[in-house]
Every structure is written in structure tokens, then in C-alpha cells.
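Here's the structure, in C-alpha cells; my notes come after.
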Amino acid sequence: MTKTNVAFFINDITSSGGTERVTCLISNILQSTNSYSIVIISLNEAHGDIKFPLQEQVRTTKINKTPQNGIYRFPIVCARLAHLVRQYKVDVLIDVDGILDLYSIPVKILTRVKLISWEHFNYHQNPDVPYRKLSRQLAGIFATAIVTLTKQDAQNYEQNLKFKRAKILTIPNPMAQQEQHDYHPESQTIVSAGRLTYQKGFDMLIDVAAQVLPQHPGWQWVVLGEGEDHEELVEKTNERGLGTQLHFLGRTDNLGSYLEQAALFVMTSRFEGLPMVLLEAKTYCLPLVSFDCETGPREIIQNRANGYLIPCFDTNTMANQINILVESSAIRMDLAKNTEEGNTNFQTCSVQSKWVQLLTSINQ
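Mapped onto my numbering, the consecutive letters of the sequence shown carry residue numbers 1053 to 1416.
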């Protein structure tokens, strides 16, 4: 049987973020079907080894020999990407992050490769680079398909793209494959996790914690992750007198070891794509509390069944809801019992089926 050659084009597969993790995961899922030959092409590789499990049959390569950026390198990157597409006889090129469409669209025109724009940010956010607005409009014209992580974001694309030649569809990221864990109602620990950046809203988390922790001296709140806001957040924590209960512990390679000892999980993000930390917390049966931000939380949390969606960005309401959960193990246990509600869409078999269906449909 002839295999379909699929290339994932990513900024840097050696980074340790959510896009890198899910790229490895989807590559493994497709490779395991034995119908696809997978290669991962990085623009740069700046962080040594790949941080996530990757099947040995999945090949990796890079465009820049040493990490480089800059608009002046645009023609060089396009030329090298086109060379790799021909070298690996790529049938379908998948951009992991829509900004990379700016390189891939010229390559598609040159090589006639099928192009999928796999967007990990929501449409209304343009983190870091204003070119995102341009890349999204161009993807609507030139990409074969645009894959969003949430139904809400697919609607955003449908409503905002001026030209919609590309097929627009939703394929969520899969939940981690692991056993469902027992909930520990006696725990007195709240967990949050994410990069310490403006997007994740940890400044608001401190405002929430200031209304929760002082009146519950037996409770601890741990935040896992690193980022440029670390010193500022620790300073604010200490200024609010929370230093003995609210802890910014840095990055961890074993988030699960914290989740399995937690009472609940809280997310204060200003915006998301599809927050994988909520899905991971679900596998530990944790009650979830999150701002109802764009996009993702409302597709993961069934409000009042297995967690609470809080109006953006109402820190008082969030603090009140957390206080109720802190003071009632019975309510927490009721939420934990319903943790599997809404999980079907995120099961690995469901996600695999959607990717296979898409790849089959565009490669006929």
C-alpha cells in the first residue's frame, strides 16, 4: 500500500510548549496507522533534543542550520522549504501555527503540495506578530484546509475571512492517554499551570488568591510554569502577603504529580486556543474553574457539572466560587464524579479519525 507523505512544518520542535507536544502526539498517531510517512520540519532547532515522545520512524529536519529569524530571510526559507518538500516527496504540508503559512503558500504555488493551516491561536488574537492577520486571510485563499482547535474558532474564521476557498473544520487536540485517576477530597491544594505571560492572566490569579487564601490558612496554591513575568508575579504575591500560601514553582516535567494531589484546578487566561492543561486536569478528576475566555474553556468545561465558567475577567466571582469549593468537599466530589462529561470529542480515536478523514479527502 502506498503511504501518504505528510510533513509538519513548525517553528521549533525542540521547544517544550503545547504545540510541540501535540505535534509529536499527532505525528505518532498518524505514523502508527501505517498509512502515512511523517517528517517534521523545523524552521529552527534551538533547544537540543525533542522534549516529547516521538516514534523512531518519524523523521525530523530543519531549515536553518543555526537559529535565525528576520524578514530578509524570507526567500531563503521558502527556497529551502520547497527543497525539503521535493526531497521528502511531501503530499500534504501541515503548518503548525498559521503564521508559517507566509512561507508555505509560495511553496504550495511552486510545488502544488496540498497545504493545511493548523491554527493553535484563536482568530481574534495576534500574539507577537501583526503578520497573523495577513497570513489568515491568505490561508483562506490558498490553503487546502484550515484546521481550528474549537468550534467557536471555526465560526470566527467563517465570519471574518474575506475569501473562503479553504475548507474550514475543527479537530481538537486529544487528551493525554492515561488512566483516570481517583479524586482526593481531603486535598487542600489548588493547582494552576502555564507560561508566566500576560496571556495566562496570573496577575489576576493573585487578585483571586488574595480573596481565598488568607481566610483558609490550611490551603496552598501552586503555579507551575516559567516565563518573563516571574519576578513581577512573585513581587506582587509578596506585596499582597501571600508568600507562604501562593507559590510560583517554575517549570515541571511532571505536572501529573501535582494534579494527582490537588483539590481543584484554576485557569485565569485572557485568551486561549484549546487549553490542554484543562484536559490534563480532567484526567485527574479535578473540578475546573476557568474564565470563559476565547476559546476553549466552554468546550471542555460543562458549567456546574464538572466545573465552573466564570465571566471574563470577574476576579470577585471567581474568588467566591473557589471559596465555595474550598469549603465543601461534597461539592468538589460531585464535580469530580462528572469529570468525563464532554470527553468523547477529545479521545485519541476520535481525533485520529478526523485527521485521517481530512488527509484522505484532500489527497484524493
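Beta carbons are placed, not taken as given, at the ideal position from N, Cα and C, and that holds for glycine.
The criterion of a C-beta distance shorter than 8 Å is satisfied by V1274 and Y1310. Looking at the DSSP output, Y1155 sits in no beta bridge, so it has no partner there. Secondary structure note for L1316: it is in no alpha helix (DSSP H), and the uninterrupted beta strand (DSSP E) holding it is 1316–1319.
For T1347, the closest alpha carbon among the candidates Q1204, N1121, A1197, T1112 is that of Q1204.
Shown here, H1299 sits in a strand according to DSSP, grouped into three states.
Using a Cβ-Cβ distance cut-off of 8 Å, the segment 1401–1413 and the segment 1079–1095 are in contact, since at least three pairs of beta carbons, one from each stretch, lie closer than that value. In the structure shown, K1334 adopts helical secondary structure according to DSSP, grouped into three states.
The Cβ atoms of I1258 and L1294 lie closer than 8 Å to each other. In this structure, T1112 sits away from L1136, with a CB-CB distance that is not shorter than 8 Å. Under DSSP, D1147 shares a beta bridge with F1061, S1169.
For Y1360, DSSP records a beta bridge to V1341.
Here DSSP, grouped into helix, strand and coil, assigns V1142 to coil. Within a 10 Å sphere around the beta-carbon of E1393 sit fewer than 16 other beta-carbons, which makes this residue exposed. Leaving aside the five residues that flank M1370 on each side, the residues in its chain whose CB is nearer than 6 Å to its CB run, in chain order, V1260, I1362. Between D1143 and T1056 the beta-carbon gap is near 5 Å, inside 8 Å, which marks them as a contact. Between the alpha carbons of L1316 and A1195 lies a distance of about 41 Å. Here DSSP, grouped into helix, strand and coil, assigns A1245 to strand.
Setting aside the 5 residues that flank it on each side, S1068 is surrounded in the same chain by K1103, each with a C-beta closer than 6 Å to its C-beta; the list follows chain order. Per DSSP, K1114 lies in no alpha helix (DSSP H) segment; the continuous beta strand (DSSP E) that holds it begins and ends at 1111–1114.
With the rule of 3 Cβ pairs closer than 8 Å, the segment 1286–1303 counts as touching the segment 1265–1272. Counting only residues of its own chain and dropping the five nearest sequence neighbours on each side, A1197 has a CB closer than 7 Å to the CB of I1168, A1218, K1219, L1221, L1410, I1414. Taking M1319 as reference, the option from V1286, H1282, E1312, D1366 with the minimal CA-CA separation is D1366. Contact between T1066 and A1228 is ruled out by a C-beta separation of about 20 Å, above the 8 Å threshold.
Counting of Cβ neighbours within 10 angstroms places F1398 among the buried residues, the total reaching 16 or more. In the structure shown, T1222 adopts extended strand secondary structure according to DSSP, grouped into three states. Collapsing the DSSP output to three states places N1178 in coil.
Assignment of I1102 by DSSP, reduced to helix, strand and coil, places it in the coil class.
Taking each of G1325, A1314, G1270 in turn and checking the Cα distance to Q1251, the smallest one comes out for G1325.
Spanning the alpha carbons of G1253 and R1322 requires a straight line of approximately 6 Å.
When DSSP states are grouped into helix, strand and coil, N1080 belongs to the helix group.
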